[in-house]
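A.B. asks: Its first residue numbered 1, the sequence shown is counted upward by one per residue in the UniProt record's numbering.
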Amino acid sequence: MPGAAPGTLTVRSARRSDTAALAELAAVTFPLACPPGTEQAGIDHVLATTLSAGGFARFLEDPASTVLVLQDEAGTLVAYTVLVAGTPDDPELAAAVTPGRTVTVSKFYVLPGLHGSGAARRLMTAALDAARAGDAQVVCLGVNQQNARAQGFYARSGFEVVGVRHFRTGDQVHEDHVMEMRLG
Numbered sequence: 001m002p003g004a005a006p007g008t009l010t011v012r013s014a015r016r017s018d019t020a021a022l023a024e025l026a027a028v029t030f031p032l033a034c035p036p037g038t039e040q041a042g043i044d045h046v047l048a049t050t051l052s053a054g055g056f057a058r059f060l061e062d063p064a065s066t067v068l069v070l071q072d073e074a075g076t077l078v079a080y081t082v083l084v085a086g087t088p089d090d091p092e093l094a095a096a097v098t099p100g101r102t103v104t105v106s107k108f109y110v111l112p113g114l115h116g117s118g119a120a121r122r123l124m125t126a127a128l129d130a131a132r133a134g135d136a137q138v139v140c141l142g143v144n145q146q147n148a149r150a151q152g153f154y155a156r157s158g159f160e161v162v163g164v165r166h167f168r169t170g171d172q173v174h175e176d177h178v179m180e181m182r183l184g
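Rendered as structure tokens:
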């Protein structure tokens, strides 16, 4: 997969039948976004709850959530995003972003072999199109302050830092930048 061209990748809405594949994808990608020194027990807890097949089923059942996947020609999932419409549940995130019709990029992960290939750009374009289709005025997200690669991608996509929030993995609390993009 590392050599897959973005043109061979397709974005689509996730289906209930994707939940196990999404959990497998999350097991590979989520740990990469965690800051160095994150305890494995905390990572495992997030993977077993929020990013489990059951967790993805809950996202798919939530009318405020949109789950998009990027798949290769064989139908293998290589990236995903979870978008949540409405005022962010996280009070720190909500306080940092510009008030308005908001979509939160709750999750955004791409297999490491596709970093730098244009795959993330394709998925982000689809995510922003979905936010616009839902009449969002603001798109926001949190990104770990130690994840320079992701921060750079989001900045190149048009997001800017507007605040800070705290993210818990197990017993550890990490600081995230809150980033937002205002849509026309």
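Glycine residues also receive a C-beta, built at the ideal position from the N, C-alpha and C atoms.
#1: Roughly how many angstroms separate the alpha carbons of Pro91 and His166, rounded to a whole number?
#2: Going by beta carbon distance, what residues of the same chain come within less than 6 Å of Ala27, once the five residues before and after it are set aside?
#3: Give the list of continuous alpha helix (DSSP H) stretches no shorter than 4 residues that lie fully inside the region 50-114.
#4: Counting pairs of beta carbons, one from the region 94-102 and one from the region 58-74, are three or more of them closer than 8 Å?
#5: Span of the beta strand (DSSP E) holding Phe167?
#6: Can you check which of these residues, Asp44, Val139, Thr169, is closest to Val161 by C-alpha distance?
#7: How long is the line joining the alpha carbons of Arg109 and Ala14, rounded to whole angstroms?
#8: For Val103 and Asp89, what's the separation of their Cα atoms in angstroms?
#9: Look at the alpha carbon of residue 207 and the alpha carbon of Pro35, and state the distance between them as a whole number of angstroms.
#10: Between the alpha carbons of Asp171 and Val82, how many angstroms are there, rounded?
#11: Mapping the DSSP letters down to three states, classify Arg12 as helix, strand or coil.
#12: Give me the Cα-Cα distance between Leu85 and Ala127, rounded to the nearest whole angstrom.
#13: Taking buried to mean at least 16 other C-beta atoms within 10 Å of its own C-beta, is Gly142 buried or exposed?
C.D. replies: On the basis of the data shown:
#1: 10 Å
#2: Leu47
#3: 53-61, 91-96
#4: no
#5: 160-169
#6: Val139
#7: This sequence places Tyr at residue 109; Arg is not what is there. Cα to Cα, the separation comes out at about 14 Å.
#8: 11 Å
#9: Only positions 1 to 184 of the chain appear in the structure, and residue 207 is not among them; the question remains open.
#10: 24 Å
#11: strand
#12: Residue identity check: residue 85 is Ala in the sequence provided, not Leu. Each residue's alpha carbon lies about 12 Å from the other.
#13: buried
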